[in-house]
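Residue numbers (the working numbering): 1 to 231. For each residue, glycine too, the CB sits at the ideal point set by N, CA and C. What follows is a set of notes on a single structure, which appears directly below.
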Amino acid sequence: MLISLLIFVLGVAALFHWGEAAFLQLWPDLNEEGSWGGRFLRGLSKWLFYLLGLGGVATGTSILSLIVFAPFNDWLSQQVEQSLGVLPVRPFSMGDLLKDILRTVGLEGGKVAVYLGSLVATTLAGVFIPGVGQVLGSVVGLGITALFWSVDMLDWPAARRNWPLSRRVSFLAAYPGEVLGFGLVASVLMGIPVLGMLFMPGVVAGGTLLFCGLIEEDPDSWKTGEISPDA
Numbered sequence: 001m002l003i004s005l006l007i008f009v010l011g012v013a014a015l016f017h018w019g020e021a022a023f024l025q026l027w028p029d030l031n032e033e034g035s036w037g038g039r040f041l042r043g044l045s046k047w048l049f050y051l052l053g054l055g056g057v058a059t060g061t062s063i064l065s066l067i068v069f070a071p072f073n074d075w076l077s078q079q080v081e082q083s084l085g086v087l088p089v090r091p092f093s094m095g096d097l098l099k100d101i102l103r104t105v106g107l108e109g110g111k112v113a114v115y116l117g118s119l120v121a122t123t124l125a126g127v128f129i130p131g132v133g134q135v136l137g138s139v140v141g142l143g144i145t146a147l148f149w150s151v152d153m154l155d156w157p158a159a160r161r162n163w164p165l166s167r168r169v170s171f172l173a174a175y176p177g178e179v180l181g182f183g184l185v186a187s188v189l190m191g192i193p194v195l196g197m198l199f200m201p202g203v204v205a206g207g208t209l210l211f212c213g214l215i216e217e218d219p220d221s222w223k224t225g226e227i228s229p230d231a
């Protein structure tokens, strides 16, 4: 939580330090001089600029926090499975700890990169397709965000089972209602700036419980193979 707060504060400080210069670079014609209407337009534009900037800082804080806390999230997911008796208790090893940190940070970074790329694509579609593009971009963006949170939280136990990408996609496609429903709830909770990180342990545990519950419903399809003892 303190790390997330620090990231957010640094982001806000950077926004207000360089925001004025960035605003003038983007809209050099909106200067202080001119009519009342021109000054009003400048003030409104600047207010919207900083509002969007704060939203970007909040989103960036959540994304960076996901990467920073990836080892903790993976560890918490392991504890949930161990409490259910699904995963055997593994003795502590410094080597395993370092390996887990590198694995989870790399895994989280890859998922975040795909998520951001998808959002950029939907945003560009909204910009270049007038009218309907903005509506479709917003709807698709919401769906992508919900899917990202589902994938992110359900992927920890899947990774421990060494599931290939095709198997993970098949699992998500088999339970679209559960996956998107969980993702929507998670995106609302995690979308609260800074404070959303307080919900992360509950969201991680919920995703692991959902995963374990779904594979228990159809063990013949999903419980083939052994859970990796080193994952």
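Asked	Found
Segment contact, 8 Å Cβ cut-off, at least three pairs: the stretch 70-79 with the stretch 143-150	no
With 16 other Cβ atoms within 10 Å as the buried cut-off, status of Gly-202	exposed
Residue span of the alpha helix (DSSP H) that contains Trp-75, given as start and end	70-84
Contact check, Gly-60 vs Gly-19, beta carbons under 9 Å	no
Simplified DSSP assignment, three categories, for Arg-161	coil
Contacting residues, own chain, Cβ-Cβ under 6 Å from Trp-156 (five flanking each side not counted)	Asp-74, Ser-77
Euclidean distance between Cα positions of Leu-15 and Ala-174	43 Å
Asp-218, DSSP secondary structure in three states	coil
Three-state secondary structure assigned by DSSP to Val-12	helix
Span of the alpha helix (DSSP H) around Gly-183	176-190
Exposure of Val-139, with buried meaning 16 or more beta-carbon neighbours within 10 Å	exposed
Among Asp-218, Cys-212, Pro-219, Ser-221, nearest to Ser-83 - alpha-carbon criterion	Cys-212
Sub-9 Å separation of Phe-171 and Leu-214 beta-carbons	yes
Contact set for Gly-109: own chain, Cβ-Cβ below 6 Å, skip 5 residues either direction	Ile-67
Leu-44 classed as buried or exposed, judged by whether at least 16 other C-beta atoms fall within 10 angstroms	exposed
Cα-Cα separation, Leu-154 to Gly-207	5 Å
Within 9 Å, strictly: CB atoms of Ala-146 and Gly-177	no
Exposed unless 16 or more other CB atoms sit within 10 angstroms - verdict on Ala-21	exposed
Best match in Ser-65, Ala-159, Val-86, His-17 for proximity to Gly-53 [C-alpha to C-alpha]	His-17
Own chain partners of Pro-219 with C-beta closer than 6 Å, once the 5 adjacent residues on each side are dropped	none
Buried/exposed call for Val-9, threshold 16 Cβ in 10 Å	exposed
Cβ-based burial, Gly-196 [other Cβ within 10 Å; buried from 16]	buried
Rounded straight-line distance, which links the Cα of Met-200 to that of Trp-47	31 Å
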